[in-house]
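Take a look at the structure below.
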């Protein structure tokens, strides 16, 4: 896996990343740090990546368990250290899973498997942050 990040020059603290799969994503800093608030902060993308990684696992596990899942949302709330490096110290992932006749136990199992075994992003973040999760199952 590879990624190239390039400073966008006279744009303050904006950067563009090109991923190994050929996708582009922009990042910018907060105005108080010289940015212009034109794109997500790098740490926001890190948090979003953790949510995406875990949601991917949950959806895949539930599909394989033949659950009629129609939606999976993850809301992440994070706290950071006050001193540099300002790593994440606490992260809660709240999963809202919707579908027809969902088995709550299977949803819980899918989230636990992602949290404890499969999600590479949350496993890395757990080295500095206390990770917790909560689940809401909505049957349609």
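In the working numbering, the protein residues as written are -3 to 136.
Glycine included, C-beta positions come from ideal geometry on N, C-alpha and C.
query	result
Indicate the three-state DSSP secondary structure (helix, strand or coil) for residue 113 in the structure shown.	helix
In this structure, does DSSP put residue 108 in helix, strand or coil?	helix
As a quick exercise: from 17, 54, 50, pick the residue whose alpha carbon is nearest that of residue 102.	54
Mapping DSSP to helix, strand and coil, what is residue 82?	coil
Would you report the Cα separation of residue 39 and residue 112, rounded to the nearest angstrom?	23 Å
Within the same chain, show all residues whose beta-carbon is closer than 8 Å to that of residue 59, passing over the 5 residues directly before and after it, in chain order.	65
For the beta strand (DSSP E) containing residue 74, list its first residue and its last residue.	64 to 76
Taking 8 Å as the threshold, find out whether the segment 77 to 92 comes into contact with the segment 15 to 22 through three or more Cβ pairs.	no
Using the three-state DSSP reduction, which class does residue 7 fall into: helix, strand or coil?	coil
Could I get the ranges of all uninterrupted alpha helix (DSSP H) runs contained in the segment 5 to 64, with 4 residues as the minimum, in chain order?	38 to 60
Is residue 121 helix, strand or coil by DSSP?	helix
Is the CB-CB distance between residue 89 and residue 109 below 8 Å?	no
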